[in-house]
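To start, the structure itself, in structure tokens.
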Amino acid sequence: MSLEFNQVVDQVQRMGRYLGTRWSSAAGKLDLALERFDAACDLALVQARIDMVRGSGVSGYRGAAPLSAPYAEIVCGVGEPSAAPERATIVAVDGSQIYPDAHSPALYYLVNIGAFIYHYGETRLPRQHTTPELYYTESALEDKDGRPVNNQTVNARRTVMELKALAARAWELRDDPSVAAPIITLHDGGLLKFFGATEITDARTLEKDYWESLEKLRESGAVLAGYPGAQRATYVVSLLHLLSLPPDQVNDANLKTNGDLEGLSDTRLYSEILNAGQRSAVMVQNSPQNYDYKTRLGVDYEIAFFYLNVSGELNESPRIARIDIPMWVATNPAAVDALQALILHQCAIQGRKRYPYALTRADEMAYISSTEKAQIDQLIRVSMLENGLMPEESEKLQTKGLARGARRQHRLQR
Amino acid sequence: MRDSMMATTYANGVNGRGAVGRVLRASTTGFDCGTRGSRIDEAHTFGSFVKVALDDAHTAWAIGLIYAIRIDDDPLARELVMAAGVDNSALLDQRENRMVPVEICVINIGCMVNGTIYHSLPPRPPMSLTEVELCTDDEILRFTDKLDFFRLVLSAREVPSDELLAAALQHASWKRDMDGRNRFLVKCGRQLAGMLSHDLARLAHVLELIRP
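So this is what it looks like as structure tokens:
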């Protein structure tokens with residue numbers, strides 16, 4: 000049966016009305032949020048309130064917090080863009096995958112890592128690399144109890160491979176005399192990763208590998224940044240809500256929501272605050288995961304963030320992106336300035352689509368199309384035949400393939 | 000000034016072995032060949048004489064004229080164009096790394112079998128991926144010694160036939176010395192006058208295009 004569009008259209012229209020109402024509702028909260036934002040200029044007051052929620056009585060605060068002194072920046076402040084360094088090297092890595100398919104002739108998964116190296120400040124051909132890895136052994140495809148690994152595990156393994164590749168490139172370039180410092184390494188996503196042991200096979204090993212890559216990146220001297228892009232995060236809105244509560248009302252029950260600011264996102268808030276090129280204060284997210292990074296890995300590895308308006312002109316609509324940085328970068332003002340300027344330059348390369356060019360190209364290098372997947376399947380079939388095996392798709396998939404095939408339309412005779 | 004510049008660039012193409020691309024799709028009436036954007040040079044000129052082998056022994060060749068050169072865009076290229084200024088490294092990246100595909104369309108106007116030139120369609124099309132080359136100066140001189148190929152060009156559909164024929168004749172004329180060039184173009188004009196006597200406006204247009 001095909002998708003009955005006449006039934007879906009009505010639902011899509013209702014969805015549009017719902018989103019419109021939610022947007023208007025958030026707009027009403029914006030003035031209140033801006034008022035609170037403008038009042039959040041006393042760093043000592045903010046710090047005192049953060050100390051309160053970090054005390055033993057409260058555990059549910061997941062909002063933003065300033066960095067520790069002397070690196071703390073005023074919450075209501077904005078950072079103007081600085082001049083970019085004369086020369087720099089930008090390394091971006093991204094990954095793509097073919098998930099294991101129980102109905103294919105042989106069980107496997109494939110991860111393709113794309114890397115792109117851009118030399119800022121010189122007219123030089125960027126470098127590009129791809130590294131495909133095929134996984135087909137039982138140890139790669141099953142957990143310790145013999146159950147097949149799920150897609151979340153493949154995603155987690157791909158993420159770790161991305162960071163490993165980024166660290167390897169950073170070390171390789173560090174020793175290359177033709178490469179200019181600073182080396183900016185860009186990861187397509189947030190840096191605060193959580194590998195849940197209930198969903199992900201070998202979660203602890205993956206977490207250890209991820210952290211080792213972070214350590215390697217730090218030791219290489221690279222400036223690491225994660226680029227989750229536009230997010231629905233409410234870290235700063237949560238902080239404004241916290242600051243609005245009377246001290247005796249600061250408890251888990253009141254921190255479960257953002258109160259009268261509920262529904263408003265940080266990107267919506269900062270789209271009213273940041274002019275083109277400006278950034279927010281550098282802050283951290285108050286969470287058990289981040290605390291874990293700080294206590295188990297070291298203070299340099301707590302993950303901080305700032306928001307950046309990557310739009311190009313003052314009259315252009317704001318494009319707010321969140322940039323994640325580890326604390327070894329956050330506590331280095333020159334590195335933050337260089338990162339801000341270079342991300343703005345990268346975003347400017349693509350004109351209307353404000354996204355780092357190097358990440359776009361790394362994604363292009365990594366992407367596996369459905370045609371390429373079909374070719375890989377064909378190669379596997381040939382290889383199986385060469386080894387005396389008869390590859391056959393499952394009856395289920397073959398039957399579905401028949402029904403899903405291109406359908407002929409009824410035509411009227413002329 | 001125009002003469003000397005064109006003569007130089009054309010010679011450069013030949014010096015570089017004149018590789019144009021490789022066959023993508025073909026028929027007896029013509030073929031399309033492809034190459035990378037970074038390889039596009041003087042070998043890829045509207046109206047150039049090209050040849051492609053029809054067999055492995057290279058005894059039979061199709062001879063054609065380049066009548067269209069296409070460079071497709073993609074969404075990323077469209078965004079780069081919209082930027083305030085095109086970044087030099089991104090430009091290099093687009094041309095060298097992203098392998099912008101260039102397609103060159105060729106109409107067949109003759110063939111060469113065991114060194115003998117025929118002004119008729121080749122007996123069969125070239126195979127996919129066969130290398131397409133520019134004709135040598137000697138081959139162009141020999142091919143244009145007779146003008147029977149005019150009819151194939153002028154009657155070709157979906158080809159800017161008047162402009163194509165004029166460009167090809169200009170190319171062929173540059174392979175001759177000054178006297179030979181004038182004689183060649185006058186001879187071409189007479190041939191055209193005979194063939195287009197029923198369409199004086201078209202004749203005047205083509206004659207204007209090949210005026211020495």
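Those protein sequences? They're chains C and S, same order as listed. Be aware that the first sequence starts at 0, since it is given in numbering that gives the first Met the number 0, and climbs by one per residue. Be aware that the second sequence starts at 0, since it is given in numbering that gives the first Met the number 0, and climbs by one per residue. Ideal Cβ positions, reconstructed from N, Cα and C, are used throughout, including at glycine.
Measure the Cβ-Cβ separation of residue i and residue j and say whether it is below 8 Å.
| i | j | result |
| --- | --- | --- |
| E130/S | R21/S | yes |
| A414/C | S264/C | The structure shown does not extend to residue 414/C, since chain C is modelled only from 0 to 413, so the question has no answer here. |
| A42/S | A18/S | yes |
| R157/C | V92/C | no |
| V99/S | Q93/S | yes |
| V90/C | L216/C | no |
| V159/C | L223/C | no |
| A329/C | A83/C | no |
| I375/C | L162/C | no |
| R360/C | Q127/C | yes |
| S237/C | G94/C | no |
| L29/C | R380/C | no |
| T184/C | L165/C | yes |
| F36/C | I272/C | yes |
| Y356/C | A89/S | yes |
| E137/C | V148/C | no |
| I116/C | T129/C | no |
| P104/C | P390/C | yes |
Starting from residue i, find everything on chain C with Cβ-Cβ shorter than 9 Å and list it in chain order.
| i | result |
| --- | --- |
| M81/S | Q349, G350, R351 and K352 |
Determine the chain C residues that contact residue i at a beta-carbon separation under 7 Å, and present them in chain order.
| i | result |
| --- | --- |
| L153/S | Within chain C, no residue comes near L153/S; the closest Cβ sits about 35 Å away, beyond 7 Å. |
| D86/S | I348 |
| L163/S | By Cβ distance, chain C contributes nothing, its closest Cβ being about 36 Å from L163/S, past 7 Å. |
| E130/S | Correct list: empty, because the minimum Cβ distance to chain C is about 25 Å. |
| E78/S | Q349, G350, R351 and K352 |
Could you pull out every residue in the same chain whose Cβ sits closer than 8 Å to the Cβ of residue i, ignoring the five residues on either side in sequence?
| i | result |
| --- | --- |
| L202/S | L191, A192, L195 and S196 |
| Y117/S | G109, C110 and M111 |
| Q248/C | none |
| H344/C | A83 and Y119 |
| D161/S | L153, R201, H204, V205 and L208 |
| N113/S | T58 and A59 |
Under 7 Å Cβ to Cβ from residue i, same chain only, skipping five residues before and after it: list those, please.
| i | result |
| --- | --- |
| A39/C | V45, V74, C75, L239 and L242 |
| A275/C | N308, S310, G311, E312, L313 and E315 |
| C187/S | L146, L168 and I209 |
| L164/S | F149, V152, L153 and V205 |
| L128/S | R21 and V22 |
| S26/S | P124 |
| D299/C | R217, P325, M326 and W327 |
| K255/C | G59 |
Excluding sequence positions up to five away, which residues of its chain have a Cβ less than 6 Å from the Cβ of residue i?
| i | result |
| --- | --- |
| L190/C | G225, I302 and D323 |
| S154/S | none |
| C134/S | F48 and K50 |
| A139/C | none |
| K372/C | I97 |
| D31/S | L23, R24, E102 and C104 |
| V235/C | A63 and D265 |
| D208/C | V159 |
Starting from residue i, find everything on chain C with Cβ-Cβ shorter than 8 Å and list it in chain order.
| i | result |
| --- | --- |
| L75/S | Q349, T359 and E363 |
Chain-ordered residues of the stretch 352 to 369 of chain C with a beta carbon less than 8 Å from chain S: K352, Y356, T359, R360 and E363
Complete alpha helix (DSSP H) runs within the stretch 205 to 284 of chain C (minimum length 4 residues, chain order): 234 to 243, 251 to 254 and 265 to 270
Contact residues within the stretch 89 to 103 of chain S, judged by C-beta distance below 7 Å to chain C: A89, L91, D92, E95 and N96
Contact list for the stretch 166 to 184 of chain C against chain S, Cβ threshold 8 Å: none
Residues of the stretch 123 to 141 of chain C with Cβ closer than 7 Å to any Cβ of chain S, in chain order: R123, L124, P125 and Q127
Whole beta strand (DSSP E) elements within the stretch 19 to 104 of chain C, 3-residue minimum: 63 to 65 and 87 to 97
Residues in the stretch 105 to 122 of chain C having any Cβ partner in chain S nearer than 7 Å: Y117, H118 and T122
Unbroken stretches of the alpha helix (DSSP H), 4 residues or longer, contained in the stretch 127 to 162 of chain S: 136 to 142 and 149 to 153
Contiguous beta strand (DSSP E) assignments of at least 3 residues, all confined to the stretch 173 to 200 of chain S: none
Whole alpha helix (DSSP H) elements within the stretch 56 to 124 of chain S, 4-residue minimum: 74 to 81 and 87 to 91
Any beta strand (DSSP E) of 3 or more consecutive residues that is wholly inside the stretch 93 to 165 of chain C: 108 to 119 and 126 to 134
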